[in-house]
Every structure is written in C-alpha cells, then in structure tokens.
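Data block below; observations after.
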C-alpha cells in the first residue's frame with residue numbers, strides 16, 4: 005500500500021473519538037446522540053492532563069509521617085490537600101468535626117498460665133523505610149473503641165468469631181461465658197467479633213492475623229515479600245458500623261463543636277468488651293497452650309500447631325486503658341459550581357486519614373482522586389465548566405468508623421437530600437482488575453465509561469478485562485464479554501452514609517487483584533511498600549482517575565442524569581430470586597434435617613466418644629408469600645422499559661426542553677433512589693434507611709440485599725420475614741412510580 | 005404383669021433369630037425361606053464363640069517384634085498362625101514363594117546448597133513401647149523397589165506429584181528435567197509419584213508426610229496424640245501395582261523356587277528413579293530453602309513456611325543402595341473342606357506382614373479373621389460343616405506390593421478360575437463405620453448380612469449406622485436408611501489379584517472412621533498405639549468378625565450361591581452414566597475454554613507479571629456413540645429381572661434340585677464374573693483383566709470404573725474411547741448372557 009493512500013484513513017482516525025471496543029454501543033446514556041462525540045472529546049482532553057508523577061509525589065508527601073485522626077500530620081495533610089484544591093480552581097474549605105476518640109495509654113497482654121508470656125505488641129521498624137521508625141508519632145497497635153478494662157480469664161479459640169462459630173462451640177459443649185476469646189481476622193468486619201463474643205458472655209477479645217489469611221501461608225512476608233509478618237498487626241476500629249457509622253456520641257447529627265452529645269453510657273456503638281489486635285508472633289504462644297478439643301478443620305490456620313479450642317489451660321491477662329477525648333476531624337470539601345444545574349451535586353470522595361502512613365489505604369485512592377480533580381481544573385482553565393456542580397471530598401476519620409464522611413452527611417443531610425445526585429467513592433487502589441459496586445441504575449453508565457478506558461497492561465478496556473477474568477474463572481456466562489454487573493454495596497468505606505443513610509445513588513470503584521500481599525493498618529503500609537508491590541508506576545492510579553473521571557464528567561454533563569433502569573430491574577430480579585431461593589433452601593434443609601432427627605440418624609452416626617451435642621428439631625419453614633415482591637418486580641420492569649422507550653424517543657424527537665424542565669426531570673430521577681429508603685430504618689439499626697442494600701448485622705462489610713427480608717429469614721423469624729416482604733415490595737413500587745413519573749414527563753415532551 | 009404371663013413371650017423370643025432391623029427383609033438371598041431361620045441360628049451360635057480377648061492376645065503376640073517380609077519374626081508369626089489354624093481343625097499349610105526384594109544398605113539425603121543439612125531419616129523410639137526400640141530388627145524408613153542410585157540436583161516441589169500437578173508446573177514454566185522432586189503423600193498410591201516424576205524427566209524423588217495431611221494439622225501427634233509426628237515416616241512400596249502387583253520378576257506366574265524369572269532389566273514394575281520417604285522434620289529444612297514461584301494455594305501444607313516451587317536454590321544429594329535378593333514369603337492357607345460342594349471355594353484373606361510391628365496394618369484385620377476362623381472351627385466341633393469349602397489365607401508380602409496373595413493366585417490360577425466362588429478381603433480395621441466394596445452382585449448379600457450385625461456402640465445395625473453417617477453428611481438420598489451401595493474396588497490390598505486378574509467376585513470390608521490419627525507404616529504402629537487410639541477393647545474387631553463371618557457362612561451354606569443382579573444392574577447404570585456425563589462435561593468444558601481462548605479472554609485476564617503459560621486450544625470432544633453400552637445395560641437389566649423372578653419362584657415351587665444341578669447352577673453364577681474380564685487385559689497393563697473395575701493408572705488406589713473407556717476419555721484419546729465402548733458393552737452382554745443362562749436353568753426347574 006502506498007503512503008499516499010494511507011493519508012485519508014489516518015485523517016478519519018484522527019477525528020474519531022478514542023477507540024471503544026468493537027461492537028460497543030457508541031451512544032452514551034443520558035446524552036443526545038449529537039452530544040456523545042463532544043463528550044468523548046472532552047474526556048480525551050481530560051486524559052491528556054493526567055500525570056502518574058503527581059500521584060507519586062503526593063503519596064510520598066502525604067505518607068511521609070503517621071497521619072491518623074488527631075495527629076499533627078493529619079492536620080498538615082488536610083491543609084496541603086486544601087491548598088491543592090484551591091490552586092486548581094475549586095471553592096474549597098475544611099469542615100471540622102469534634103470526634104469522641106480513644107488513643108491507647110496502657111496495652112498489656114500476658115499469658116499467666118500454664119507458662120508466662122508477655123506479648124510484644126510492637127512492630128519493629130524496617131531499615132530504609134523512615135516512617136516505620138516514627139514510633140513516637142504513630143499510634144501503637146490497638147482496636148479503636150474498645151473499652152478500658154482489665155480482665156483475666158482462660159482463653160477460648162473461636163475461629164472468626166461469627167455466630168455460626170459459636171454454634172460449633174456449643175455443639176462441643178464449650179461456653180465462652182467469663183472467658184477471653186481469641187478470634188482470627190476474616191469472615192466479617194472486625195467490630196462484629198467483640199459484639200458477638202460479648203453476646204455469648206465473653207469478657208475480653210483478642211483478634212489476631214493468622215498466617216494462613218495473609219501471612220506466610222499466602223506468600224513471602226515483609227521485608228522480603230509483600231505479606232504480613234509475625235509482628236505485623238492490623239489496627240482497626242471495632243465501632244459497630246453495622247448499627248451506625250460515625251461519631252458515637254452524635255448519631256444522626258453532625259459532630260460539630262456545639263452539637264448535642266449523648267452521654268458515653270448511652271452510646272450504642274462502642275465495643276462491649278476490651279479488645280486488642282495482635283500479630284501471629286504473639287498469638288502463637290497463646291494458641292500453643294490451648295488444650296481441649298481440636299478445632300474443626302476449617303478453623304485451622306497456618307501456625308505449626310494443632311489448633312485447640314480450650315478453654316485454657318492458657319490463661320490470659322489483658323489490660324487496656326485509653327485516653328478518651330474529643331479530637332478534630334478535618335474534612336476537605338471542594339466545590340466546582342455547575343453552569344446551569346448548580347443545585348445538582350455530583351459528589352466524589354476518598355478518605356485521607358490512615359492508620360499510620362496509610363500509603364495503600366487510603367492514599368492510593370486519594371492521590372488518584374486528586375489528580376482527577378486537578379485535570380478537571382485544567383479543563384476549567386480551558387474555558388469549560390461542568391453543567392452540574394462537582395464536590396470533591398477528602399474525608400478524615402474513615403478508619404475509626406467512617407466518621408468524617410458520616411458527620412458531613414449528617415450535618416448537611418437536608419441539603420444533600422435535595423441536591424445530591426450521585427456519590428462516587430474510592431478508597432485503596434492497586435494493580436489489576438476494575439471492581440465496581442453501587443446503585444444498579446448506574447450500571448449502564450459505569451459499563452460505558454469504563455468501556456472507554458484502556459487497561460494499562462493489556463490495552464483492552466478495563467471492563468473487558470474484568471469480564472474476562474470473571475469468565476476465565478468459571479464466572480457466569482450470559483454477561484457479554486464487555487459487560488459486568490455492579491455488585492451491591494455493604495459497608496467499609498465512605499459511601500455508607502450517602503447511600504444507606506440518605507438514599508443517594510452511589511458507586512464504589514477500585515482496581516486490584518494483582519498487587520501482591522497486604523499489610524493494611526500496620527506501620528508497614530508505606531510509600532516504599534506500595535511502589536514495590538501494589539502499583540509500581542501508579543499506572544492503575546491513573547486508570548482509576550480515567551474511570552472515575554469519565555463517570556464524573558458524564559454525570560456532570562449529561563443532558564438528563566444518566567440513570568438507566570433495565571439493569572436496576574434485572575438486579576432486583578436477582579435479589580428477589582435469591583431471597584426466594586434462600587427460603588426454599590432453608591425449607592428443604594429443615595425438612596431433611598428434621599426427618600433425619602426423627603429417624604435417629606444423627607444419634608446413630610455420632611461418635612459416642614466425641615460427645616457432640618446432637619442437632620435439635622427446628623420449626624419447619626412455613627410457606628412464605630413472595631407475590632407482593634413479584635408484583636413490584638413487574639412494576640419496576642414496566643417502568644424501566646417505559647422510561648427506556650421514552651428517553652430513546654426523546655433525542656430523536658427534535659424538540660428541546662428548557663433547563664427548568666430538565667432540572668425537574670433530573671430531580672425525579674436522582675431522587676428516585678430516596679424511594680428505596682424508609683424513615684424508620686431497619687430493625688435493630690434505624691440509622692440504616694436503605695431497604696435494598698445494607699451491610700449484614702453479623703458481616704459488617706458484606707452486603708445483605710433486601711435486608712429486611714433476608715436477615716429475618718437468616719434469623720428464622722418467619723413472621724418477620726413475611727411482614728417485611730410487602731414492605732420491601734412497597735419500596736420497590738414507590739421507586740417504580742418515580743420512574744413512571746419520569747417516563748410520563750418525557751412522553752409529555754415528545755408527543 | 006405377672007411373672008407367669010411372661011413365660012410364653014420369653015419362650016418365643018428365645019426361639020427367634022437375632023433381631024433384625026424393623027422392616028428389613030427377613031428372607032436371605034440364596035436361601036429357601038425355610039432355611040433362613042436355621043441359618044440365622046447358626047450365625048447366632050457363631051457369634052457366641054467370638055472373644056475380644058483372643059484378638060487382643062494375638063495382636064500382642066504377633067506385633068511383639070518387627071515382622072516385615074523376610075524378617076525372622078515374620079516366619080515365626082507364619083508358623084504361629086499355621087499352628088492356630090491346625091488346632092482349629094483346618095487343613096492348613098504354608099506356601100512359600102521366593103520374592104525379589106530390596107532392603108536398604110545406604111540411605112543418605114542431604115542438602116548441599118544453600119545451607120548444608122543432613123537428613124535424620126530415623127524415628128526415635130518411644131519409652132514404654134519396646135517394639136519401637138528394636139532398631140536392629142526393623143527396616144529403616146525406605147521405599148521398597150526404589151532403584152539404587154546417587155543423584156545430586158536442585159529440588160522442585162511437585163505437590164502430590166500427579167499428572168495435573170505437572171500441568172500446573174508447566175503453566176509456570178517449571179520443568180523437573182534433571183531435578184529431584186519432593187512430593188507430599190496423598191492423592192494417589194505412592195508408587196505413582198516416582199513414575200510420573202520420571203515421565204517428566206526427574207532423576208530422584210522424595211516423598212514426605214506433610215503435617216496438614218496427618219500430622220499436627222489434623223490433631224495432636226505422638227506420643228501425646230494419635231497423629232504422625234515430624235520424625236514419623238510412611239515406609240511403603242513404590243512397585244507399580246497399577247501395572248501389575250506381585251513379585252516383579254514373575255508377572256503372571258507364581259514365584260516358586262523353580263519359577264522362570266525375568267532378568268531384572270526386563271521387570272516393568274520397578275520404580276524408575278531413586279525414591280525415599282521422609283518425615284516433615286526432614287522435609288521442612290529443604291522446603292524452607294526453595295525459592296522461585298509460590299505454590300498454588302491447594303498445594304500448601306501446614307509447615308510454617310511459604311511453600312515455593314523451586315527449582316532450587318535448595319540442592320539435594322540423595323544416595324540409596326539396597327540389598328537385592330530373593331526372600332521367602334510365607335502364605336498361610338487353611339482349608340475347611342465343604343460337605344457337598346467341596347469344589348466351590350469361599351476364600352477369605354488378610355495379610356499378616358507389617359512394615360514394622362504392623363499392629364493396625366494389618367494385624368487389626370488379621371486377628372479378627374483368625375477369631376472368625378476359630379469360631380467356624382468351634383461350629384465344626386459341634387458337628388456342623390460348611391456345604392462349600394472355606395479357605396482362610398494369611399498373606400505375606402502385601403506391603404511390598406500385594407505379593408503374597410498375587411503369587412498364590414498366579415500359582416493356582418487354573419484351579420481358582422474353576423473353583424473360586426468369592427474372595428472376601430479385610431486389612432486394617434478400627435472403631436467406626438462399616439465400609440464395603442466389591443462386586444455389585446454381592447450387594448444384597450452384604451446388606452443382609454451386615455444388617456444382622458449390631459454396632460457395638462449404638463446397638464443399631466452396622467448398615468443402618470453407615471447409612472446414617474452418609475445421610476447426615478448430606479449423602480445421596482434414595483438409599484433407604486438400611487441399605488448401602490458397595491463401592492467399586494481399586495487396589496491397595498489383596499483382593500486385587502483375585503478380582504482384577506482372575507475375575508473372582510470379591511469383597512473388601514472394614515470398620516473405621518472413628519479411630520483417631522494414623523501412623524501407618526512407621527515404627528509407631530504398635531499394640532500400645534492401637535489399643536489406645538484405634539479400637540480399644542477390640543469391639544470393632546469382633547464386629548468385623550461377625551460381619552465377614554456371616555457373609556462367609558451364608559456363602560458357604562446358601563442353597564444357591566447368593567448373588568443378586570438387580571444391584572449389579574443398577575451399579576452398571578451408574579457407571580455408564582458417569583462415563584457418558586464425563587464425555588459430555590469434557591465436551592462442554594472444551595467448547596467453553598476454546599471459545600474463551602478465541603476471544604482472548606485468558607490472555608487479557610492474565611497477570612502479565614505472573615507470566616503463566618496461557619491455555620492452548622484443545623481438540624473438540626467429538627460426539628461419542630454410547631448406544632452399545634446402553635443396549636448392554638438393557639440386557640443386564642432384563643437378565644437381572646428374569647433371574648430374580650426365576651429364583652423367586654423357585655423356593656416356592658416345592659420342587660428340589662439334585663446337588664449336581666445346584667453345582668451346575670452355582671458354577672454358572674459364580675463364573676459369570678469371569679465374563680467381565682478379557683484375556684488381553686487393559687491397555688498398558690495386560691495383567692489387569694477386569695473390564696469394569698481397575699485401579700487408575702495414575703491413582704493406584706482409587707478405582708476407575710469401565711476403565712477402558714474412562715481412561716481413554718481422561719487421556720483425551722477419543723478414537724480409543726469410541727473403540728472401547730463396544731468392548732465394554734460386549735463384556736456386559738456376555739455377563740448378561742450368563743445370568744440368562746442361570747435364569748433359564750431355574751425356569752427349566754420350576755416349570
């Protein structure tokens with residue numbers, strides 16, 4: 005082929021938007037066809053501003069010293085971040101809240117019997133990684149919101165310390181009443197462990213990192229490798245974020261200086277018993293001296309011992325004292341006011357506080373968000389301005405219990421309910437695959453936006469890569485190779501107050517799965533560690549900025565807020581199918597087990613020397629009437645299709661709408677998510693108002709979809725489950741009505 | 005109730021046979037209805053003779069010194085056993101074979117790089133357990149039939165050393181060519197490990213016991229507990245019993261003094277590369293010094309290290325020299341001649357040789373068989389005599405490769421093909437649940453016989469207890485609570501020559517699953533150990549004698565040999581379904597994987613830093629025509645039903661048969677199993693002639709049903725699989741024809 009003949013082709017290519025994947029829908033949800041090209045050009049310009057070197061410089065700077073809530077460097081960092089946002093053209097400020105917060109004064113753990121052992125409770129510094137040597141500035145290993153206390157008792161090993169672990173103990177006739185439990189990390193949010201232990205009568209709780217779960221059982225440990233060594237400790241909060249995140253003395257209201265505070269004794273989310281995290285070097289001597297029954301197979305970790313349950317003869321003395329006081333949390337909040345729809349807010353956030361330096365957690369996400377915000381600022385300098393208002397937030401006090409974001413959300417609840425269209429969260433980030441969770445009505449937007457972002461290592465879109473990983477691991481077929489579902493949101497990061505307390509459509513985005521190891525919440529989570537193991541070169545930090553940046557820019561610019569409801573409808577069908585099948589499975593299992601009990605099969609099959617308690621007959625699972633939910637699903641489905649048809653016809657109708665009309669429509673659409681909440685909140689935890697997604701009361705991080713129904717089923721509370729079905733159905737029906745309203749408004753326009 | 009009124013009831017109860025389970029079929033397969041009560045009375049009398057104290061005394065005596073093949077005490081024990089059988093009225097003799105057998109002269113294992121380490125290779129004695137102190141009499145830890153050799157090379161960790169493990173290594177670009185491999189025990193017969201290693205070019209093989217698989221990862225270790233400690237070593241043969249068990253120089257013929265022997269270089273079953281078993285105390289220093297990639301998750305054991313694959317830097321020097329010579333094996337064979345059908349043999353066997361003392365393996369089974377034989381002898385003293393001939397066998401040289409039994413079977417093959425009706429094997433035994441494997445035509449017999457045996461701990465029948473265990477573990481419904489299927493037989497004990505070489509219907513019986521721990525093939529398998537952990541009081545030794553004794557007595561006395569073919573038909577349907585589904589699953593998996601390869605999904609999903617070799621497209625699985633097997637199944641089904649109707653009508657017909665006619669019928673029935681063999685044997689291993697059950701070529705112990713078809717599928721050799729389908733079908737059709745012949749003979753009688 006001659007050179008001359010190449011020119012026209014090159015010319016055409018140059019004019020095209022950045023390449024999407026073959027076969028991909030080139031239209032953009034929320035945009036008229038004629039606007040899509042312009043939007044993609046804007047995003048291409050946005051990309052050109054992104055610099056990995058900025059991420060690197062900021063992470064280095066922000067992680068140079070320990071920067072936990074209340075530390076001097078935390079304040080310096082907040083001011084640094086504030087200055088950046090101002091420099092990039094944002095109307096930025098620091099909002100300060102006063103948080104009731106404990107820091108350790110006395111931490112003593114020792115084995116008194118059968119052999120004395122004093123726990124080390126100290127992470128040795130690493131040569132050449134100066135932040136690990138800043139002992140005086142950093143908090144030692146502890147669990148925030150453990151009470152003060154001094155207890156001495158025999159130890160019992162409780163596996164992960166979740167309810168079914170205590171069922172196994174009970175089968176073996178083991179009670180933790182009056183004992184200290186030792187649980188390994190994993191299986192739930194760590195704050196669930198002392199909660200459940202106390203429910204069973206335990207008086208103290210140790211939480212250790214078993215080498216199986218993230219130490220030498222997974223890979224080489226620090227300093228040679230990326231995994232946690234025997235000294236490394238996972239600090240962390242044990243505030244009960246499943247009841248309510250945020251400052252424990254000001255639930256539901258912003259913890260401003262003048263806020264009305266609960267008496268400490270009335271706070272409902274403080275851990276009930278003294279709790280301390282330890283590394284496996286400290287756990288091994290204790291676990292080695294436990295006798296009694298051998299732990300069930302799935303309970304055993306990678307320590308070179310036979311795991312026994314106890315109680316004792318290992319006896320432990322635990323003494324904890326904290327300095328409880330109000331400390332300031334500094335949220336940096338930066339506004340970029342929208343052009344025509346300034347009262348519609350697209351909110352973007354990542355926390356800034358770490359447990360020590362916090363390079364991976366949270367700075368890897370924060371510096372990506374900062375670069376995204378800076379690039380948006382660069383666009384503004386070229387004369388562009390978003391149609392809707394952007395709000396960038398660098399939260400403080402996420403680590404102690406999602407506090408900085410929660411206080412801000414509670415403080416501004418009324419305004420947020422009115423104006424907040426979407427909240428987009430990030431947190432830790434690393435090399436690997438895109439993960440995205442959130443409101444299913446944003447699924448199409450995320451697929452389209454991420455479908456336009458190239459994976460740095462392979463060159464395919466980040467959606468295609470994530471889908472390929474799922475498929476090659478035997479994941480569900482039926483998803484196209486370039487589509488993925490958003491996962492449902494539980495808790496564990498700053499989306500929780502936006503999404504579950506106020507019903508603001510939310511997203512949580514990250515890359516990961518290829519960065520090796522993990523030393524989160526220890527002194528070893530440093531810049532040196534991150535750049536060696538997690539995302540060397542910050543390529544995935546940039547990929548995250550491209551992905552979340554695109555989502556922000558599309559949310560900011562779309563003609564109509566880019567929600568899409570057939571994906572929402574499909575998600576609701578999956579959830580309803582799950583709870584229906586859960587009831588059916590429980591019914592079949594109960595019938596089978598009761599029948600076997602009647603036949604004496606468990607008695608006969610039991611090893612008489614093992615003396616396991618035999619299962620007892622359970623109340624049969626009654627027939628539950630799910631028809632209300634089925635009807636609501638039909639309404640959602642109809643509304644989603646109707647809205648799709650309406651908006652599909654609209655761009656081609658040639659008629660335009662006034663800005664006011666668009667705003668009215670936008671408001672119906674983005675406030676529809678509020679219809680999924682109920683003011684009285686969930687049982688046991690009224691702070692959680694979203695009736696489709698909530699963190700499990702006994703999982704903490706992972707989600708329970710349709711939680712009212714699902715958790716009632718899991719509790720075998722059939723009457724409550726039946727009562728919750730029409731309530732969930734009502735919530736879905738109200739949502740459908742909002743979508744219908746939006747569709748009708750469109751139809752009115754295009755007729 | 006007055007005393008007087010009780011008397012009649014007691015009288016009736018005294019006349020009743022031992023209680024069966026409610027609802028159980030009280031008829032006995034092979035017996036006329038009128039005979040069943042008499043048979044059960046015989047069995048009740050048999051039970052009264054059984055004494056746990058005999059089992060205890062014999063085990064103590066037989067395990068008092070090391071008694072491996074070729075040892076002085078082995079000969080003494082054979083003579084002791086012989087004397088017992090003679091005293092009990094048996095026509096007993098010792099048959100001696102000359103076995104080519106290596107004993108260790110030099111065993112040296114050391115790490116030369118990166119740090120020197122000399123392996124211990126020694127099990128310390130236990131105080132108070134004298135047999136563990138008899139070093140000079142016992143064989144040290146070694147793998148029998150490893151070649152002599154001296155090799156030095158880098159080490160590679162190969163997990164269990166089965167073919168799919170080498171596929172995983174290849175994905176990671178790791179070759180074992182010129183290396184020494186270290187494999188953990190498990191996943192296959194140990195002899196498969198050096199075989200597969202050598203196929204991949206390895207020059208040496210270490211096999212170690214990971215603590216995960218039977219050491220502290222499972223429970224407390226010796227001497228406090230029942231599990232293997234770091235010094236304990238599993239000795240064992242690496243003779244290729246999947247090609248042919250027995251003396252390696254006399255395949256197919258008895259290894260008598262004058263037998264023609266192969267040149268050693270022509271023996272096909274010797275291990276190809278120097279192989280040595282070690283304990284985890286010796287494995288840990290080596291594995292700790294392996295670097296390179298981290299082992300896949302499922303490969304990791306319970307040692308306190310990150311498991312790496314190597315090769316190296318750990319470099320190992322292994323030197324092995326053996327004393328190769330012919331040693332005598334002493335099979336004790338004891339006949340109790342039958343009354344009218346003396347040419348129909350019911351053969352009962354258990355091996356007597358151990359690796360050291362061999363208390364659990366094999367004496368726990370042997371002493372039970374001895375007590376069974378003694379009780380039968382007591383019945384004879386009361387004037388009773390079996391209708392068919394009983395043959396009790398105490399095999400030598402099972403441990404080195406199922407040699408004693410194989411040589412006897414090969415030596416007497418012609419007579420056995422003619423006369424052997426059934427072989428019933430036992431081996432190790434312990435507290436717990438009945439396991440039974442074997443010819444499905446004996447399934448009804450085993451269910452009935454074991455259904456009349458009470459579990460010592462619970463009082464229900466041992467069948468009901470085994471079924472309850474299966475059901476409470478989520479096992480298949482559909483089995484009644486008092487029925488269980490016989491499992492198919494692979495290899496690993498003395499049934500193999502009877503069943504798979506000659507086509508003699510066989511059973512393998514044991515109790516187990518509740519005895520804790522296991523130190524098999526080490527010096528710690530002693531009387532003290534067994535009576536502490538495995539079956540204190542020998543209750544389950546007695547239960548085994550009751551179970552196998554009943555089966556023997558029913559086989560000896562039945563009017564017609566007690567085969568039943570609807571269970572056989574059902575088993576064949578299961579097997580055919582399995583291979584058909586295997587082909588279907590492989591087809592679907594191949595299609596899916598090829599499609600994902602075409603889409604580039606594996607390439608895109610791979611971590612580029614991991615550099616895993618991507619899967620390559622595989623030849624699609626063609627449609628295979630299983631109709632020949634389906635047709636054969638229909639024939640089996642028809643024949644089984646026809647035979648059932650015929651024999652069902654027979655006892656009620658009132659007509660009797662002459663003994664000669666019964667013998668003719670018996671012969672058709674018990675020789676029917678021969679129809680499942682083919683003279684040319686299986687591909688790669690002509691010694692194995694049974695076409696329904698064989699040990700897997702790459703599993704060794706566990707079975708491959710319909711092995712011609714199944715192993716061809718597993719090898720992705722579609723042409724061979726298709727070729728094997730009509731062959732397997734032909735074998736089944738020939739079996740059906742024999743059953744038809746038997747049914748016709750009955751029909752002739754009853755018309």
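Protein chains in written order, with the numbering used here: chain P, 5 to 755; chain D, 5 to 755. Glycine included, every Cβ here is placed at the ideal spot set by N, Cα and C. Being a predicted model, the structure only gives us computed values, none of them experimental.
Proximity of the region 68-76 of chain P to the region 134-142 of chain P meets the contact definition, three or more beta-carbon pairs being nearer than 8 Å.
Residue environment for residue 666 of chain D: buried (at least 16 other C-beta atoms within 10 angstroms of its C-beta).
For the pair residue 749 of chain D and residue 672 of chain D, the CB atoms are nearer than the 8 Å cut-off. Contact between the region 692-712 of chain P and the region 446-464 of chain P is absent, with fewer than three C-beta pairs closer than 8 Å. Put simply, the backbone Cα of residue 444 of chain D is about 36 Å away from that of residue 64 of chain D. Distance from the Cα of residue 654 of chain P is smallest, within the candidate group P/624, P/708 and P/751, for P/751.
Judged by pairs of C-beta atoms under 8 Å, the region 598-618 of chain P touches the region 168-178 of chain P, as three or more such pairs exist.
In the DSSP assignment, residue 439 of chain P falls within the beta strand (DSSP E) that extends over 436-442. In this structure, residue 114 of chain D sits near residue 321 of chain D, with a CB-CB distance shorter than 8 Å. A Cβ-Cβ contact shorter than 8 Å links residue 389 of chain D with residue 343 of chain D.
The beta carbons of residue 391 of chain D and residue 560 of chain D sit closer together than 8 Å. Counting only runs of 3+ residues, the beta strand (DSSP E) found wholly inside the region 694-731 of chain P occupies 697-699 and 707-709, in chain order.
Checking the DSSP bridge columns, you'll see residue 184 of chain P partnered with P/159 and P/208.
CA-CA distance, residue 435 of chain P to residue 581 of chain D, rounds to 45 Å.
Shown here for residue 586 of chain P: same chain residues with a beta carbon closer than 6 Å to its own, the five before and five after excluded, namely 717 in chain order. For the region 204-230 of chain D, the set of residues with a beta-carbon nearer than 8 Å to any beta-carbon of chain P comprises 215, 220, 221, 222, 223, 224, 225 and 229, in chain order. Cβ-Cβ separation between residue 325 of chain D and residue 110 of chain D: approximately 4 Å, consistent with a contact (criterion under 8 Å). The C-beta distance from residue 188 of chain D to residue 164 of chain D rounds to 6 Å, short enough to meet the 8 Å contact threshold. Burial is judged here by how many other beta carbons sit within 10 angstroms of a residue's own beta carbon; residue 623 of chain D has fewer than 16 and is exposed. Taking a contact to require three or more Cβ pairs closer than 8 Å, the region 79-95 of chain D and the region 329-341 of chain D qualify as touching. Cβ-Cβ distances below 6 Å link residue 296 of chain P to 312, 313 and 314 in the same chain, with the five nearest sequence neighbours on each side left out; the list follows chain order.
DSSP, reduced to helix, strand and coil, places residue 522 of chain P within a strand of the structure shown.
With a beta-carbon spacing of about 4 Å, residue 95 of chain P and residue 339 of chain P fall inside the 8 Å limit used to define contacts. Between residue 584 of chain D and residue 630 of chain D a beta carbon distance of about 5 Å is seen, short of the 8 Å cut, so the two are scored as contacting. Of the residues D/504, D/424, D/522 and D/542, the one whose Cα lies closest to the Cα of residue 461 of chain D is D/542. For the pair of segments examined, the region 502-518 of chain D was found not to touch the region 37-56 of chain D: the number of CB pairs separated by less than 8 Å stays below three. Taken in chain order, the unbroken stretches of alpha helix (DSSP H) that lie wholly in the region 447-473 of chain P and span 4 residues or more are 447-455.
For residue 497 of chain P, the three-state secondary structure derived from DSSP is coil. Sequence-ordered contacts of the region 447-480 of chain P with chain D read 461, 462, 464, 468, 469, 472, 473, 475 and 476 [C-beta pairs closer than 7 Å].
When C-alpha distances from residue 421 of chain P are compared across P/705, P/674, P/136 and P/724, the shortest belongs to P/674. With a threshold of 16 other beta carbon atoms within 10 Å, residue 88 of chain D meets it and is buried. Three or more beta-carbon pairs drawn from the region 265-272 of chain D and the region 244-253 of chain D are found closer than 8 Å, and the two stretches are therefore classed as touching. With contacts defined by Cβ atoms closer than 8 Å, residue 290 of chain P and residue 211 of chain P do not form a contacting pair. Nearest to residue 406 of chain P by alpha-carbon distance, out of P/227, P/429 and P/734, is P/429.
Counting C-beta pairs with one atom in each stretch, the region 548-556 of chain P and the region 233-245 of chain P have fewer than three that are closer than 8 Å, which means they do not touch. Taken residue by residue, none of the region 710-724 of chain P has a beta-carbon sitting less than 9 Å from a beta-carbon on chain D.
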